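Numbering follows our numbering, in which position 13 of the sequence shown is assigned residue number 1376; successive positions increment by one, without gaps.
Glycine included, every Cβ here is placed at the ideal spot set by N, Cα and C.
Just so you know, these numbers come straight off a predicted model, no measurement behind them.
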Amino acid sequence: MEKILVSACLLGIKCRYDGKSVPHEGVMRLAEKYALVPVCPEIYGGLSTPRTPSERVGDSVLMKDGRDVTENYARGAEATLALAEITGAKIAVLKAKSPSCGKGAIYDGSFSGTLTARDGVTAEKLTRVGIKVLTENEIDELL
Ligand code: SF4
């Protein structure tokens, strides 16, 4: 079976900043056709759960209280890329809008719920090396 990386929170793992998950029925159905490799870049980067939410602000990633977690996000992206290389995954289904996992649209750094056209740190890194990144809203082509 082809392996694909999947944001762990979409598979029901409670790794989100708020200590919850966002299980997605369609994403879980991908297990019928693919070997799913759960990943959570923010956990890989050393952040705890629950945690203060973060957003990308310019070249940095900041928590809502101002703490700089840029390094954590970078480490998490590196670890996720390493997993892609180890498993040979060429596709990743990642949670929309996350500062790590989001693709094409993420929150804009103002912590006001406003989106901007940008990728999360991990989605950006995977895309740069040619891995196809899809959000949970774009999986029809895989099912
Ligand atoms: Fe889900 Fe990605 Fe956030 Fe982890 S970093 S909780 S996988 S959206």
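Does the beta-carbon of residue i, which I'm using as the reference point, lie nearer than 7 Å to any heavy atom of the ligand SF4?
i: ILE1406; result: yes
i: ARG1379; result: yes
i: LYS1458; result: yes
i: ALA1468; result: no
i: ALA1447; result: no
i: SER1508; result: Outside the displayed range of the chain (1364 to 1506) lies residue 1508, so it cannot be described from this structure.
i: SER1370; result: yes
At which residues does the alpha helix (DSSP H) containing residue i begin and terminate?
i: PRO1404; result: 1404 to 1407
i: MET1391; result: 1388 to 1392
i: LEU1446; result: 1433 to 1450
i: GLU1487; result: 1484 to 1491
With 16 as the cutoff for other CB atoms within 10 Å, does residue i come out buried or exposed?
i: ILE1449; result: exposed
i: LYS1396; result: exposed
i: PRO1386; result: exposed
i: GLY1408; result: buried
i: THR1485; result: buried
i: ARG1379; result: buried
i: ASN1533; result: Since the displayed the chain opens at 1364 and closes at 1506, residue 1533 lies outside it and no answer follows.
i: VAL1456; result: buried
i: GLY1382; result: exposed
i: GLY1429; result: exposed
i: LEU1506; result: exposed
i: PRO1462; result: buried
i: LEU1425; result: buried
Which whole-angstrom value describes the C-beta separation of residue i and residue j, a residue pair presumed to lie in contact below a C-beta threshold of 8 Å?
i: ARG1419; j: ILE1469; result: 6 Å
i: LYS1366; j: ALA1394; result: The pair is not a contact, with the Cβ atoms about 11 Å apart (cut-off 8 Å).
i: LEU1446; j: VAL1432; result: Actually they do not touch by this definition, with Cβ atoms about 20 Å apart.
i: ALA1442; j: LYS1488; result: Wrong, their Cβ atoms sit about 10 Å apart, outside the cutoff.
i: GLY1467; j: ALA1452; result: Contact flag wrong, Cβ pair sits at about 20 Å.
The beta strand (DSSP E) that contains residue i, what's its start and end?
i: LEU1506; result: Here LEU1506 belongs to no beta strand (DSSP E), and DSSP marks it neither H nor E.
i: MET1426; result: 1423 to 1426
i: GLU1418; result: 1417 to 1420
i: SER1475; result: Counting along the chain, SER1475 falls outside any beta strand (DSSP E), and DSSP gives it neither H nor E.
i: THR1498; result: 1495 to 1498
i: ILE1367; result: 1366 to 1370
*Should the stretch 1367 to 1374 be called in touch with the stretch 1396 to 1407, which here means at least 3 C-beta pairs below 8 Å?*
The stretch 1367 to 1374 is in contact with the stretch 1396 to 1407.
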